[in-house]
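This report concerns only the one structure given below.
2 protein chains.
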Amino acid sequence: MNTDLDEVEAFLHRQIPITVAMGIHLVSYDTESLVLSAPLALNHNHLGTGFAGSLNALATLAGYALLWLELRERPCHVVLRNSSISFRRPVTCDPRAICRRPEASEVEAFHDQFAQKGKARLHLHVTIQEHGALAVAFEGTFVALK
Amino acid sequence: MNTDLDEVEAFLHRQIPITVAMGIHLVSYDTESLVLSAPLALNHNHLGTGFAGSLNALATLAGYALLWLELRERPCHVVLRNSSISFRRPVTCDPRAICRRPEASEVEAFHDQFAQKGKARLHLHVTIQEHGALAVAFEGTFVALK
Chain H
4 MNTDLDEVEA FLHRQIPITV AMGIHLVSYD TESLVLSAPL ALNHNHLGTG
54 FAGSLNALAT LAGYALLWLE LRERPCHVVL RNSSISFRRP VTCDPRAICR
104 RPEASEVEAF HDQFAQKGKA RLHLHVTIQE HGALAVAFEG TFVALK
Chain E
4 MNTDLDEVEA FLHRQIPITV AMGIHLVSYD TESLVLSAPL ALNHNHLGTG
54 FAGSLNALAT LAGYALLWLE LRERPCHVVL RNSSISFRRP VTCDPRAICR
104 RPEASEVEAF HDQFAQKGKA RLHLHVTIQE HGALAVAFEG TFVALK
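Chains as they are written, first to last, in my numbering: chain H, 4 to 149; chain E, 4 to 149.
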């Protein structure tokens with residue numbers, strides 16, 4: 004499992020250059036969720052708190068990474084079709100984006116659709132918490148294309 | 004006017020470190036719109052097209068920059084409350100985010116509210132076009148706080 008994580012992190016750094024400048028780190032991935040972090044020192048705004056653009060990029064990358072790990076056996080492209088984000092409170096520590104794995108039935112339907120049509124979409128929810136409180140809520144529709 | 008643009012670009016680079024890595028450049032600002040660009044070479048994804056996270060950050064920064072220029076006489080903070088974005092087609096050239104200045108009546112209401120309450124919100128629309136076609140549509144609610 005750790006080799007997978009290292010590979011995905013290296014893939015992000017190699018293929019999406021801004022992830023190096025952001026200091027993106029793939030923390031964990033299990034049946035529940037995927038966690039991606041980045042240091043605040045590289046991703047703050049003019050107020051010293053998490054920059055909205057960086058927090059959005061971190062959440063987007065958490066969704067990508069979850070889908071890549073989900074589809075690792077299948078040659079495909081993953082793209083983001085649309086997303087929305089709500090900033091509830093300032094992020095003052097190193098942000099950790101948690102992408103919740105959807106219900107098993109949703110993931111199964113996604114795999115079935117991909118196998119049948121060579122294209123499937125999945126709606127993913129990502130949150131950034133701080134001291135147990137919700138700081139950022141992101142959701143996006145990702146599309147996998149054969 | 005150019006001094007203002009240079010100042011805002013320098014402010015972005017100094018205060019929001021990821022904007023340096025993104026190569027953010029403030030192209031123009033007039034009564035119609037503000038234009039912010041970034042090289043694709045620094046902001047591409049695993050497919051060689053514009054990375055969704057970078058495009059979102061570019062659009063967010065265009066909104067910030069327009070509000071900073073709008074409020075330059077007044078000491079205040081600007082934050083993004085929420086935003087949504089739709090990716091219509093891949094971005095294959097250096098992206099240019101165009102933040103449309105809202106109607107004069109909206110801007111006036113925003114200034115009045117800020118003067119009265121020390122807090123005001125403005126909804127901004129940002130687009131990224133390519134070869135005359137809409138590639139990315141972003142909208143966000145920004146809040147200025149005294």
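Positions of the beta carbon are idealized from the N, C-alpha and C atoms, including for glycine.
query: Contact criterion: CB-CB distance below 8 Å. Does R84 of chain E meet it with respect to chain H?; result: yes
query: Run the CB neighbour count on G143 of chain E, radius 10 Å, all protein chains shown included, and call it buried at 16 or more, exposed below.; result: buried
query: Have a look at the DSSP bridge pairing and note the partners of L148 of chain E.; result: E:H80, E:K122
query: Does any residue of chain H bring its CB to less than 8 Å from the CB of L39 of chain E?; result: no
query: What is the DSSP secondary structure of V139 of chain H, reduced to helix, strand or coil?; result: strand
query: Could you have a look at N85 of chain E and say whether DSSP puts it in helix, strand or coil?; result: strand
query: What residues match up with Y32 of chain H in a beta bridge as DSSP calls it?; result: H:L37
query: Between which two residues does the alpha helix (DSSP H) containing I21 of chain E stretch?; result: 21-25
query: Could you pull the start and end residues of the alpha helix (DSSP H) that G151 of chain H belongs to?; result: Only positions 4 to 149 of chain H appear in the structure, and residue 151 of chain H is not among them; the question remains open.
query: So, is the C-beta of H16 of chain H closer than 8 Å to a C-beta in chain E?; result: no
query: Under 7 Å Cβ-Cβ, which residues of chain H neighbour L50 of chain E?; result: H80
query: Per DSSP, which one or two residues make a beta bridge with A100 of chain E?; result: E:L39, E:I131
query: Is M4 of chain H buried or exposed, if buried means 16 or more other CB atoms sit within 10 Å of its CB?; result: Reliability of the predicted coordinates at M4 of chain H is poor, the pLDDT of 48 falling under 50, and the value obtained from them is presented with this limitation in mind. Exposed, because fewer than 16 other Cβ atoms sit within 10 Å of the Cβ of M4 of chain H.
query: Taking Cβ to Cβ, would you say L45 of chain E is nearer than 8 Å to A24 of chain E?; result: yes
query: Under 8 Å, Cβ to Cβ, is there at least one residue of chain E near I88 of chain H?; result: yes
query: Please check if any C-beta of chain H sits within less than 8 Å of the C-beta of G56 of chain E.; result: yes
query: G51 of chain E: which of H:E73, H:P20, H:G51 sits nearest, CA to CA?; result: H:P20
query: Please confirm whether R91 of chain E and L137 of chain E have their CB atoms less than 8 Å apart.; result: yes
query: Can you find at least 3 beta carbon pairs, one from the stretch 64-81 of chain H and one from the stretch 70-89 of chain E, that sit closer than 8 Å?; result: no
query: Report yes if the C-beta distance between R103 of chain E and H126 of chain E is below 8 Å; otherwise report no.; result: no
query: Would a C-beta distance cut-off of 8 Å place I131 of chain E and V38 of chain E closer than the cut-off?; result: no
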